[in-house]
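To keep things clear, I will list the structure first and then write my remarks on it.
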Amino acid sequence: MANRNEIESYLNAFLAVDRFKDYGPNGLQVEGRAEVRRVVSGVTASLALIDAAISDGADAVIVHHGLFWRGQDGRLTGWLGERVRRLMAQGLNLFAYHLPLDAHPDVGNNAQLGRRLGLLADARFGEQELGFSAPAGSNGTLAVLASRVQQALGGRMPLVLPGDGRALSRIGWCTGGAQGYFESAIAAGVDAFLTGEVSEPQAHLARETGVAFLACGHHATECFGAPALAAHVAERFGLEHRFIEIANPA
Ligand SMILES: [Zn+2]
């Protein structure tokens, strides 16, 4: 059992939240009961996750995608009001960590995905150094890399834009919606770049620069950070923890 505020202070320091400019608030987003015994982690604070956490008897939820983002008008109505009402009615705390959780060198989404692909980052690139890059190691060809990704992400086949078919010596990656990092990955000298999503321009960039691009799923690439963080905090404070996967094909 631990106090909610102690957990928040610990997490904020552990993830160095003050170092990031983000699209929403990091830390405790919805305040519930003061004492926390059981934690549920998940990718996104969707209604399905909130309901599953309530059924699970959780006192706190730790997610990567919280409720509040730049550009919202601030009203707690409709679907957003329902999520907040459900949390508050149950006294459930909601902790959300976005970019600080992508970036963390151990429990972060990038570090955790890299580990599953046999990639150990030795350099960073892009805005706020969120892009990771590593020697390709045993992922020497695009076919090997693509099948390793598929294996690591529960059988989900990535969308592959093949580039010029070169052997891979360095691989760059950034989980989630980081297709906009493709150019800085190319500038950083990688032979292939992995992220969650793809947009129209990346197909042309892959053809014209010869650097391969793999879109592996936003949700799929970000499944590992929140449970790694929650497991860490559970261990630190002697809490119970369970990750709840809410499937998402996007
Ligand atoms: Zn994301």
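According to our numbering, the sequence shown is numbered sequentially starting from 510.
All residues carry an ideal CB built from backbone N, CA and C; glycine is no exception.
None of the values given here were measured: they were computed from a predicted structure.
Quiz item: In angstroms, rounded to a whole number, what distance separates the CA positions of V526 and Y606?
Solution: 8 angstroms
Quiz item: Using the C-alpha atoms, what's the distance from R594 back to V539?
Solution: 10 angstroms
Self-check item: Three or more C-beta pairs below 8 angstroms linking the stretch 633 to 647 and the stretch 722 to 742
Solution: no
Self-check item: T718 - containing alpha helix (DSSP H), residue span
Solution: E709 to T718
Practice problem: Report the rounded CA-to-CA distance for A643 versus G551, giving the unit in angstroms. | Solution: 27 angstroms
Quiz item: Is the beta carbon of G685 within less than 6 angstroms of some heavy atom of ligand 1?
Solution: yes
Quiz item: Beta carbon of D540: closer than 6 angstroms to some heavy atom of ligand 1?
Solution: The question names Asp, but residue 540 in the sequence shown is Glu. Because no heavy atom of ligand 1 lies under 6 angstroms away, the Cβ of E540 does not count as near it: no.
Quiz item: Does the Cβ-Cβ distance between M597 and E544 come in under 7 angstroms?
Solution: The answer is no: Cβ separation not under 7 angstroms.
Quiz prompt | Same chain, Cβ closer than 8 angstroms to L556, neighbours up to 5 away in sequence not counted | solution = W588, E591, R592 and R595
Self-check item: Through-space distance from G734 to H613, alpha-carbon basis
Solution: 9 angstroms
Exercise. State the Cα-Cα distance for the pair L654 and N618, rounded to the nearest angstrom.
Key: 18 angstroms
Quiz item: Whose C-alpha, out of L670, I559 and R675, is nearest the C-alpha of F691?
Solution: L670
Practice problem: Give me the Cα-Cα distance between I648 and D615, rounded to the nearest whole angstrom. | Solution: The displayed chain sequence assigns Asn, not Ile, to residue 648. Spanning the two alpha carbons is a distance of roughly 21 angstroms.
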